[in-house]
Structures are given as C-alpha cells and as structure tokens.
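In our numbering, the protein residues as written are 188 to 651. Some notes on the structure that comes next.
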C-alpha cells in the first residue's frame, strides 16, 4: 500500500496538465459545431414567414426568437429547428405579432409626400405597398409608418394596391381601409379625377365596399385675357364639350372685333349648370374693356380691367351678372383707363374709319335694335368721340338693296338714330350728333351677293 502511494505520487502531477488540455480542446471544438447548427437551423426556416428572427446556439442547444404571423406558423418554425440533425434542445422565444381589431390601413397625400400608416399583414405586403407607392405616385416622397399586425381581411394586398392607384389621382387627401370598408376624402388632381376614382372603386376585391367617398373635384376654371399690346384674346381652361367649345370661340370672334383669338381651351367634364350662357355674357363685358382678365371658377365670375370711359365702367359693373344663371356669383373690379390725348377733326375721322373698317355695328335682322355683340365696338367709337370734343359728327345709316326703298330709308334712319341715342346715353352731348338715313342709295359693294349686301348694311361716322 505504501508502495502504491509512492507510485501514484509520481504520475498525479502530470494529470493536471492533461485535464487543462482536454478542457481547452473541448471548448475550442464546440465553436464549429455551434456555427454549423446555427446555419442549418437558419436553412430549416427558409420556407417560414417570420420577422425579427434571431438564432443563437450554445453547445447543441438552439435559442429561436422571432415574431410569427400565425400560431401554426410559429409552431411550424419551432418544429423545423427541432428537426435539425444534432439539435438537442430548442429554447422557444417566438411570439405572435399583435392582432389589430379593426385592421386599419391608410394612405395620406399632402403637397410633398405620401404617408402609409396603420397595419400590414406581412413584411412582403409592406414591401410591396412601399414599392408600388414609389413607382406609381410620380416619384413623391413615401413615408412608411406601417406596423406588422395580424387580422387582415382576405385579399388585403389587392385592395390596398388598388387604393394606392387612386391616391395618385388626388392632389391631396386620404384613403383609409378599415377591415373591408373604404373611406376617401380630399381633392382630385384633375377634372375627371373624382369620376375616375369612383369608377376604379367598382373593381375592389370581393367583400370590400365603399363606406364614404368625399373626394371633391378641383375648380372648373375658364379664363380669358385681353391683351391690347399683342392685340389678342387668349382663352384657356376648360369647356364641357366640343359644341360649347365652338360656341365660345365663335362668340369671342363676334365680340372682339380686332383681337386675334388664341384658343387654348380643353374639354373636361364637371362644368357647372349654365356654364356656356354665363361665359358668353361675361365675354361680352370683357369685350368692353381696354385690357382685362376674366376668370370663371365653378359658379363665380371675376372680371378685372380698365373700361374706356366712366359711363362704361358703371354700366359694366351694373350689368355683369344680369344674364347669369341663378346661383352664380360675380365680382367686377373695373377701373377706368386714363383719357387719351385730344385729336383734331382729321385724325378723329381717320380713327372712326379705321374702327368701322374692322367691324360693323350689328342690328337684329330688319330692326333697329343693336346687337349686344357690338358693345365693344361702340365703346371704342365713344372713346374716339371723346377725344375730339369740338367735332360734330354725322351718324349715317345705310341698307342693302333688298326690299322696298321707302322701308329701307326708314330702317336706315332708325338705325342711325339708335346709335346716336347710345352715344348720348353714354354721356356725350346730343347736339354733337345728327342721325341721317340714306337707305340703299349709297352702296359700297354690289348687291348681287350676300357678302356685298353685308358690306352695304352699315353705319358710318362722318366728322363735320
């Protein structure tokens, strides 16, 4: 026994280094094993849908942490790791993402960005919605404030993608999906946008419906600008159809006798009731201004510019809106153009001749009633008469050769007098004007053609 003790005392000191070496070897040899188990566990989860997934391995024990989107999915993920060869134990730290009741998702657009908020059922859904917003909304900034949640209705992705397309039709607004109910508010980007949104909503997936649609149309705007320098009348904005388009351009051509009409109008739906009548009437008021702007926005008419003389300004202010449909509003902002310098009788005659060479004072057929389209020309004639206050002016009436000579004579006299009365009503002294009718006795063209007859039916101003 004493010999055995003496023998063991010789080898015992050598055991200690061996133990230390074994421990070091054991420690260093588990690291490759843990890395391998982590990689194979991750591979086993390749087909599962998880969020915030984390895998850690200690020895042959695996800790799995993740957010799952269903109980079956969570259990399937844990079972997949448990089945990995070499795994001894799975420490399950998975959890279900919260359930949203109701499941609400929204897209809100302002001037500079689109914000996606609320809930998304899966990471892939979230990514798909973000990408669709970036691609389809014209490169605007897209802000992601969506949370991952359970409880989405069937076909959520299809419904949300369709609604994102409608956001692109809005200038500003918000679209909200609460479970299967859709609510919309805001203003359409263009005329017709509101109707396009309503039509698209008919294609929502089965089970989805519109609870509220408060998308408004943008203002329906028509504009006309009279430029005395370029001698143009520029029409821009919207008209409801081709017939109204043609009507307005033709009316402008009649009322603006010297200006070139520049037509930049486009056809758009959404015109208010009575649009054509209101615009034609307002164009008549604009024709009486030296320079001016007409803006028709929905049922509101704004007319601004310079009248040619004081009485014209008063008449335009009082008359604007008289022929408008019920419910229309109007706002005249009319000032008076500074009076032009006086001229002598010779220049006065030249100015009258130039004006009446561009257009004719028009009357109702067979009558002495002045057509309203002639108001702009008459105001120009009145402005010229004001520039030669010492001149006496003969207003000469002429007819074509059709009909009875005595009737033509009487009609020419009445028409000349109607023009004289118009000038006196504008504030000019009655003793400066004499109304004379010549019937068909002084033609300036042949009466064989309609064009010649139209030239013969005229009013002349002769400075005495």
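Note that CB positions come from ideal geometry on N, CA and C, so glycine has one too. Note that the structure is a prediction, hence the values are computed from the model and not measured.
If contacts are defined as beta-carbon pairs under 8 Å, then residue i and residue j qualify, I think. What distance do you get, rounded to the angstrom?
i: residue 325; j: residue 355; result: 7 Å
i: residue 272; j: residue 255; result: No, residue 272 and residue 255 are not in contact; Cβ-Cβ is about 24 Å, not under 8 Å.
i: residue 627; j: residue 592; result: 7 Å
i: residue 277; j: residue 251; result: 6 Å
i: residue 465; j: residue 490; result: Contact doesn't hold; Cβ gap of about 12 Å is too wide.
i: residue 603; j: residue 650; result: So it is not a contact: roughly 15 Å between Cβ atoms.
i: residue 327; j: residue 299; result: 7 Å
i: residue 555; j: residue 605; result: 5 Å
i: residue 454; j: residue 430; result: So it is not a contact: roughly 10 Å between Cβ atoms.
What residues in its chain sit with their C-beta under 8 Å from that of residue i, if we drop five residues either side in the sequence?
i: residue 493; result: 476, 477, 478, 479, 521, 522, 523, 524
i: residue 246; result: 217, 220, 221, 275
i: residue 297; result: 359
i: residue 607; result: 582, 617, 620, 621, 622
i: residue 233; result: none
i: residue 224; result: 244, 247, 249, 271, 273, 274
i: residue 611; result: 617, 620
i: residue 170; result: One cannot answer for residue 170 here, as it falls past the ends of the chain, which runs 188 to 651.
Can you list, in chain order, the residues of its chain with a C-beta nearer than 7 Å to that of residue i? Leave out the 5 residues immediately preceding and following it.
i: residue 625; result: 583, 584, 585, 599
i: residue 653; result: In this structure the chain extends from 188 to 651, so residue 653 is not present and cannot be described.
i: residue 260; result: 235, 236
i: residue 352; result: 323, 387
i: residue 519; result: 490, 503, 504, 507
i: residue 564; result: 444, 542, 546, 548
i: residue 406; result: 484, 485
i: residue 601; result: 555
i: residue 512; result: 460, 461, 464, 465
i: residue 596; result: 624, 626
i: residue 389; result: none
i: residue 289; result: 365, 366
Taking only beta-carbon positions, decide if residue i is within less than 9 Å of chain D.
i: residue 607; result: Of the protein chains in the structure, only one exists, and it is not chain D.
Please classify residue i as buried or exposed, where buried requires at least 16 other C-beta atoms within 10 Å of its C-beta.
i: residue 398; result: exposed
i: residue 631; result: exposed
i: residue 643; result: buried
i: residue 311; result: exposed
i: residue 566; result: buried
i: residue 571; result: buried
i: residue 381; result: buried
i: residue 396; result: exposed
i: residue 172; result: Since the first residue of the chain shown is 188 and the last is 651, residue 172 is not available in this structure.
Identify which residue in the options has its Cα closest to the Cα of residue i.
i: residue 349; options: 302, 357, 391; result: 391
i: residue 639; options: 588, 610, 404; result: 588
i: residue 544; options: 651, 234, 647; result: 647
i: residue 562; options: 609, 534, 578; result: 609
i: residue 469; options: 315, 565, 560; result: 560
i: residue 287; options: 301, 351, 364; result: 364
i: residue 372; options: 345, 244, 403, 396; result: 403
i: residue 393; options: 375, 345, 482; result: 345
i: residue 281; options: 396, 257, 415, 474; result: 257
i: residue 270; options: 611, 242, 228; result: 228
i: residue 362; options: 412, 414, 318, 301; result: 301
Looking only at its own chain, which residues have a Cβ that is under 6 Å from the Cβ of residue i, when we skip the five neighbours before and after it?
i: residue 240; result: 253
i: residue 535; result: 575, 578, 650
i: residue 482; result: 410, 489
Item to check | Meets three-Cβ-pair contact criterion under 8 Å: the segment 299–311 and the segment 325–339 | outcome: yes
Checklist entry - Given 8 Å as the limit, is there contact between the segment 499–508 and the segment 542–559, that is, 3 or more CB pairs closer than that? => result no
Next on the checklist: Check whether the segment 410–421 and the segment 441–455 touch, using three or more Cβ-Cβ pairs below 8 Å as the test.
Outcome noted: yes
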